[in-house]
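First up is the structure itself, then whatever we jot down about it.
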Amino acid sequence: MKTRAAVLYGPTRQFQVEELELDEPKAGEVLVKMVATGMCHSDWHFATGDFTTNYPIVTGHEGAGIVEKVGPGVTEVLPGDHVILTFIPSCGKCRWCLTGLPVLCDRGANITGGALLDGTFRLHTVDGRDVGQLAGIGCFSEYIVAPVETLIRVEPDIPLDKACLVACCVPTGFGAATKRAEVRPGEVVAVFGLGGVGMNAVQGAALAGASKVIAVDIVPWKLEAAQEFGATHT
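Residue numbers 1 to 234, in full-length UniProt numbering, belong to the letters of the sequence shown in order.
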């Protein structure tokens, strides 16, 4: 089938919107119609060359959409399900996945390479050139094929333009406070920089029970917004 996508052909700071060929989902894969995708600063780093990858590639890694079709063997989701796409894929079979640490997945470690978990590609230019999908998803496309392991089903009443943020900045910031920093009740926490990740770090620290959450930024409206996320001081 055909899909339109924003393609990076190099660190040119330019996304080229064009029609691509998209393969049918293979075993363990799902065809998703994308509805909403956030623009993370990481995506821009691939456009500038600050981060390296294999070009051409479709970036976008905080997306949400609706399942259109499932490949052979897929039982976790059904056509019509609303889903978000995770930016760290996991195979579910390696030693890390089997011991409850999918974030360390051997195959998922190649999230910037563009290939899916099996090392092959589903997107191609009209002249047959392979096009990568960042994190195995590449959400800057009208349709994508992705491993079912990267999909998380969400309730249909959740707006997808908000649900897509849960795919990256929300767990990254929240997890930085609750998992990495292991904020405990009564502790004092300072968060420097109130972008999407920082704002959710504020939220994570507050919900973890910090007695003081100090939000630091140079933008006045961000400092005001941080108070809604749980900041006690700015």
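Even glycine gets a Cβ: it sits at the ideal position worked out from N, Cα and C.
Would the beta-carbon of residue i fall within 9 Å of that of residue j?
i, j, result
"F229", "A206", "yes"
"A231", "V213", "yes"
"T12", "S141", "no"
"A64", "T86", "no"
"G73", "A146", "no"
"I66", "L165", "no"
"Q227", "A208", "no"
"L194", "R122", "no"
"I144", "I84", "no"
Enumerate in chain order the residues of its own chain whose CB-to-CB distance from residue i is below 6 Å, with the five nearest sequence positions on each side excluded.
i, result
"G196", "C169"
Rounding to the nearest angstrom, what Cα-Cα distance links residue i and residue j in this structure?
i, j, result
"L134", "I158", "25 Å"
"E155", "A210", "30 Å"
"S77", "E68", "The sequence given here has Val at residue 77, not Ser. Cα to Cα, V77 sits roughly 10 Å from E68."
"V32", "T125", "19 Å"
"A167", "L117", "18 Å"
"P102", "C94", "9 Å"
"G234", "A201", "In the sequence under discussion, the amino acid at residue 234 is Thr, which differs from the Gly named in the question. Approximately 14 Å between the Cα atoms of the pair."
"S42", "T53", "12 Å"
"G132", "L20", "11 Å"
"M1", "R180", "42 Å"
"C97", "T178", "21 Å"
"P89", "A115", "11 Å"
"P79", "F51", "35 Å"
"F174", "G204", "4 Å"
"G128", "G136", "19 Å"
"T75", "E29", "10 Å"
"E62", "C105", "19 Å"
"E182", "V189", "11 Å"
"W44", "G113", "16 Å"
"T120", "G100", "26 Å"
Using the three-state DSSP reduction, which class does residue i fall into: helix, strand or coil?
i, result
"G193", "coil"
"V35", "strand"
"E155", "coil"
"A210", "coil"
"R107", "coil"
"A181", "coil"
"V202", "helix"
"A215", "strand"
"L116", "coil"
"L85", "strand"
Does the beta carbon of residue i fall short of 8 Å from some heavy atom of the ligand NAD?
i, result
"A181", "As for the ligand NAD, it is missing from this structure, which has no ligand bound."
Might you give, ordered along the chain, the residues of its own chain that have their beta carbon closer than 8 Å to the beta carbon of residue i, omitting 5 neighbours on each side?
i, result
"T48", "P11 and R13"
"A6", "F15, Q16, V17, V58, T59, G60, F140 and S141"
"R107", "P89, S90, C91, C94 and L117"
Counting only the same chain and skipping the five closest in sequence on each side, list residues whose C-beta sits under 7 Å from that of residue i.
i, result
"G92", "E149"
"K162", "none"
"L8", "F15, F46, A47, Y55, P56, I57 and T59"
"residue 235", "Given that the chain is displayed from residue 1 to residue 234, the structure contains no residue 235 and the question cannot be resolved."
Q: Return the chain-ordered ranges of every alpha helix (DSSP H) run that is complete within the region 118 to 172 and spans a minimum of 4 residues.
A: If one requires a minimum length of 4 residues, the alpha helix (DSSP H) runs lying completely within the region 118 to 172 are 160 to 163, in chain order.
Q) Which residue spans inside the region 1 to 82 form an unbroken beta strand (DSSP E) run of at least 3? A) 2 to 8, 16 to 22, 29 to 37 and 63 to 70
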